[in-house]
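Keeping their order, the protein sequence lines are chains A and B.
Here the first sequence is numbered in our numbering, starting from 1 and rising by one per residue.
Here the second sequence is numbered in our numbering, starting from 446 and rising by one per residue.
Cβ atoms here follow ideal geometry from the backbone N, Cα and C, with glycine treated the same way.
Structure, as structure tokens:
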Amino acid sequence: MSDTNKFDQIKDWYVSNFTRFESKLNGQSETFLHDIRKESLTKFKELHFPTIKDEEWKYTNVAPLLKDNFQLPQYLGKTVIDEKFIYNNSFTDFDYDRIVFVNGKYSPEHSIIGELPKGAVISSLESAIKNYPELVREYIGKHTKVDNAFVAMNLTYSTDGLFVYLPKGQMLERPLQVFFVSGSDEDKVLSIPRSLIIAEEGSAAKLIVNYVGTGSNSYFTNTLTEIHTGANSNIDYIKLQDEKKNSFHIDHTFVYQDKGNIFNHYSFAFGAALSRTDVSSVLDNENIECHYYGIYLGTDKQHIDHHTFVDHAKPNCMSNEVYKGILDDQSRGVFNGQIMVRPDAQKTNAYQSNKTILLSDKANIDTKPQLEIFANDVKCSHGATIGKLDQEAYFYIRSRGVEDKIAQSMLIHAFAADVIEAVNIEPMRDQLNHKLFEKLNRVEI
Amino acid sequence: MIKIKNLHASVEGNEILRGIDLEINAGEVHAIMGPNGSGKSTLANVLAGHEGFEVTEGEVIFEGKKLLDMAPEERARDGVFLAFQYPIEIPGISNATFLKTAINEIRKAHDQEEISAKEFLERTRKYAKLLNMPDNLISRSVNSGFSGGEKKKNEIFQMLMLNPKLALLDETDSGLDIDALKIVSEGVNHFRSKENAVLLVTHYQRLLNYIVPDFVHVLSNGKIIKSGGKELAFELEEKGYDWIKNEELETA
Numbered sequence: 001m002s003d004t005n006k007f008d009q010i011k012d013w014y015v016s017n018f019t020r021f022e023s024k025l026n027g028q029s030e031t032f033l034h035d036i037r038k039e040s041l042t043k044f045k046e047l048h049f050p051t052i053k054d055e056e057w058k059y060t061n062v063a064p065l066l067k068d069n070f071q072l073p074q075y076l077g078k079t080v081i082d083e084k085f086i087y088n089n090s091f092t093d094f095d096y097d098r099i100v101f102v103n104g105k106y107s108p109e110h111s112i113i114g115e116l117p118k119g120a121v122i123s124s125l126e127s128a129i130k131n132y133p134e135l136v137r138e139y140i141g142k143h144t145k146v147d148n149a150f151v152a153m154n155l156t157y158s159t160d161g162l163f164v165y166l167p168k169g170q171m172l173e174r175p176l177q178v179f180f181v182s183g184s185d186e187d188k189v190l191s192i193p194r195s196l197i198i199a200e201e202g203s204a205a206k207l208i209v210n211y212v213g214t215g216s217n218s219y220f221t222n223t224l225t226e227i228h229t230g231a232n233s234n235i236d237y238i239k240l241q242d243e244k245k246n247s248f249h250i251d252h253t254f255v256y257q258d259k260g261n262i263f264n265h266y267s268f269a270f271g272a273a274l275s276r277t278d279v280s281s282v283l284d285n286e287n288i289e290c291h292y293y294g295i296y297l298g299t300d301k302q303h304i305d306h307h308t309f310v311d312h313a314k315p316n317c318m319s320n321e322v323y324k325g326i327l328d329d330q331s332r333g334v335f336n337g338q339i340m341v342r343p344d345a346q347k348t349n350a351y352q353s354n355k356t357i358l359l360s361d362k363a364n365i366d367t368k369p370q371l372e373i374f375a376n377d378v379k380c381s382h383g384a385t386i387g388k389l390d391q392e393a394y395f396y397i398r399s400r401g402v403e404d405k406i407a408q409s410m411l412i413h414a415f416a417a418d419v420i421e422a423v424n425i426e427p428m429r430d431q432l433n434h435k436l437f438e439k440l441n442r443v444e445i
Numbered sequence: 446m447i448k449i450k451n452l453h454a455s456v457e458g459n460e461i462l463r464g465i466d467l468e469i470n471a472g473e474v475h476a477i478m479g480p481n482g483s484g485k486s487t488l489a490n491v492l493a494g495h496e497g498f499e500v501t502e503g504e505v506i507f508e509g510k511k512l513l514d515m516a517p518e519e520r521a522r523d524g525v526f527l528a529f530q531y532p533i534e535i536p537g538i539s540n541a542t543f544l545k546t547a548i549n550e551i552r553k554a555h556d557q558e559e560i561s562a563k564e565f566l567e568r569t570r571k572y573a574k575l576l577n578m579p580d581n582l583i584s585r586s587v588n589s590g591f592s593g594g595e596k597k598k599n600e601i602f603q604m605l606m607l608n609p610k611l612a613l614l615d616e617t618d619s620g621l622d623i624d625a626l627k628i629v630s631e632g633v634n635h636f637r638s639k640e641n642a643v644l645l646v647t648h649y650q651r652l653l654n655y656i657v658p659d660f661v662h663v664l665s666n667g668k669i670i671k672s673g674g675k676e677l678a679f680e681l682e683e684k685g686y687d688w689i690k691n692e693e694l695e696t697a
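Spelled out as structure tokens, the structure:
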């Protein structure tokens, strides 16, 4: 049986869950979101889970993730987590608000949200649908591209997730730490959050989005985020994917950028057996800055895939992508960076860099820049390097009396430094560095 | 201090060193001079343990130990230091982290206590001042964004901080203007003592105006073809390397 047929059988199983799922929705089946859900179900039925024959999934075989039937959390008992678990996974040494979701569902007992600027909202999507239906209706799904079954699956089965609204000119004084905790001792769970972030003109916020795992079973996080940034707003979105190493993570993030907006996306991909992060931005006005940064780590047989798409639709914008990979053992990385410069987008500056260090002979990376340029007055560049640790630098450090393991750690630190230092919340840098060495199981520098 | 016997080394099958014999005692400064490609830098790198070179024959005894059997970090801990011809940039690692790690690794190997913050700071201040380096040097990343001259000074700064027994200076003078050359030389002269030794590798005689060697050796085609006192350097400057090569031919 071909992968397509096998995958379709599994999809049919996920589709067949819908009737039971619908009966458990209670009040939610009456909201407008349910209409969207039913449309999405139709698309879910039509679309396929991607196989390696799909160009966009050529290097990422999702068969291991489709081997198991992951249960919707509605069918399972509640996963209980303690405060200490959240605290131990938090970034500390600065003030922050916190919102926690367990298996995609808002967990008020772990969320601590202080006073917010006038009109600003940090809540669950579920309650935003009740409290701000017009706002949600205006933006939800607006920039989401439903082109594979994972996206359709999220839109069909998600019931909750993060909702952030920043009215005109308002700024979150404290960063917001978001937790998506997934997993269950009872069964293999499907955690399926859907998030919506709306930043009106001149607003600003920093978000730290942590994906972490609990419980003994493997799980599957299929997450989707829409970010709408208004003119001259300034948003930092720092994602730490630290899922359990027996689990799966698929993330689609869709960003719309308006005039003069500065958007920084950081992807720290440290966990999961198989992870895929798709992030895309539409630069739909002038003087926009779009910065994507990423560090991906692989040990054992981890598979980490990043797909980016920066769509320059209008003139005088800049985008910059810096992705760095450190791959050990038999891990495998994938990077695909698509940049589109449309005919209108004159005076575009677009840069992309993907560098990977292979710490083992059995680790590997597939990297592909994909530039499509239809304007003539633009500056675009891309570069990809793959290699071992720099042997001259390695000798240099050892020649000062430093043992081999520490010398390697220094070079790893040096390699990751520019991405870590680009994080605008200073206390996070050391903590990210610490996690990096912990994940690689190496001496920390 | 160090005894090099019949040292042969090659890179990718090409023999670069073809039988070097050299003995350096504590308190001595030796200069190795020679034209490009003669093997000067190779000698310094082989002694420091660069793995890009294969030693095919010979022996090196350093302080009673077989140097060639030791890893680069072991050699450094026993007191070998190489000032690189092309120092490496390590962005994101400060000079402070780098040097503290190195000093403590060396101390650990000798069962000594870690350097105190106070002593470290005092030494960095003293040597930075001696070498006319900026106060923020220690918080800057290793060689990152440094000019060629600053990098060379930083090598000498590291040497003073680590205080080795044998300093191998690989073309430390190349790319330096006269002011920087004087400062670097001052650093080396400050370092010189009865307990340590210096091996200078250089193409030009001008460095030897400031760091006066006890012995000068001329290296050509992987062999030492002439040795003498400091006056040999002046003769070389005047007559060029061909003079010795021709002399070699005549005596041969």
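Residue pairing of A/Cys-290 in beta bridges, as defined by DSSP: A/Phe-263, A/Ser-319. Between A/Phe-309 and the set A/Thr-225, A/Asn-336, A/Leu-411, A/Ser-218, the nearest pair of CA atoms involves A/Asn-336.
Taking all protein chains in view, the Cβ of B/Gln-557 is surrounded by fewer than 16 other Cβ atoms within 10 Å, so the residue is classified as exposed. What B/Gln-603 touches in chain A, judged by beta-carbon distance under 9 Å, is Arg-400, going in chain order. For A/Tyr-96, same chain residues with a beta-carbon under 6 Å away, outside a window of 5 residues either side, are Arg-174, Pro-175, Gln-177 in chain order.
Scanning chain A for C-beta atoms nearer than 7 Å to the C-beta of B/Ala-547 yields Arg-400, Gly-401, Val-402, reported in chain order. Listed along the chain, the chain B residues whose CB falls inside 9 Å of the CB of A/Ala-393 are Ile-533, Glu-534, Ile-535.
Sixteen is the threshold: when 16 or more other Cβ atoms of the shown chains lie within 10 Å of the Cβ of B/Leu-664, as they do, the residue is buried.
Between A/Ala-414 and chain B, the shortest Cβ-Cβ separation is below 8 Å. Counting only residues of its own chain and dropping the five nearest sequence neighbours on each side, B/Arg-522 has a CB closer than 6 Å to the CB of Ile-551, Ala-554.
Between the alpha carbons of B/Ala-528 and B/Leu-492 lies a gap of roughly 12 Å. As DSSP reads the structure, B/Ile-477 sits in a beta bridge with B/Val-646, B/His-662. Per DSSP, reduced to three states, the secondary structure at B/Asp-466 is strand. Using a Cβ-Cβ cut-off of 7 Å, A/Met-410 is close to Ile-535, Ile-538 of chain B, given in chain order.
Counting other Cβ atoms within 10 Å of its Cβ, B/Ile-535 reaches 16 or more and is therefore classed as buried. Among the residues facing chain A, B/Leu-607 is included, as its CB has a counterpart in that chain under 8 Å away. Chain-ordered listing is empty here: chain A has no CB closer than 9 Å to the CB of B/Pro-658, the nearest sitting near 23 Å. In the DSSP assignment, A/Thr-308 falls within the unbroken beta strand (DSSP E) covering 303-312.
The beta-carbon distance between A/Lys-324 and A/Lys-355, rounded to whole angstroms, is 5 Å. This is short enough to meet the 8 Å contact definition. In this structure, A/Thr-79 lies away from A/His-48, with their beta-carbon atoms at least 8 Å apart. When Cβ-Cβ separations below 8 Å define contact, A/Tyr-396 makes contact with chain B. Using a Cβ distance threshold of 8 Å, A/Lys-388 and A/Leu-436 do not count as a contacting pair.
Nearest to B/Ile-533 by C-alpha distance, out of B/Val-587, B/Glu-504, B/His-635, is B/Val-587.
Under the three-state reduction of DSSP, A/Gln-71 is assigned to strand.
By the Cβ rule, the segment 177-188 of chain A does not count as touching the segment 144-155 of chain A, because fewer than three pairs are nearer than 8 Å. Close to chain A, meaning a Cβ-Cβ distance shorter than 7 Å, are the following residues of the segment 517-529 of chain B: Pro-517, Glu-518, Ala-521, Arg-522, Leu-527, Phe-529. Per DSSP, the continuous alpha helix (DSSP H) segment holding A/Asn-433 begins and ends at 426-440. Using a CB distance cut-off of 8 Å, A/Asp-418 counts as an interface residue toward chain B. Boundaries of the alpha helix (DSSP H) harbouring B/Leu-605: 593-607, taken from the DSSP string. A/Ile-406 reaches chain B at Thr-546, Glu-550, counting residues in chain order whose Cβ is nearer than 8 Å.
With respect to chain A, the C-beta atom of B/His-495 has a partner C-beta closer than 8 Å. In this structure, the beta-carbon distance from B/Lys-639 to B/Gly-524 does not fall below 8 Å. Assigned with DSSP and collapsed to three states, B/His-495 falls in coil, not helix or strand.
For B/Ala-471, the three-state secondary structure derived from DSSP is coil.
About 7 Å separates the CB atoms of A/Gln-241 and A/Phe-268; that is less than 8 Å, so the two are in contact.
The C-beta of A/Phe-7 has 16 or more other C-beta atoms within 10 Å across all chains shown, which makes the residue buried.
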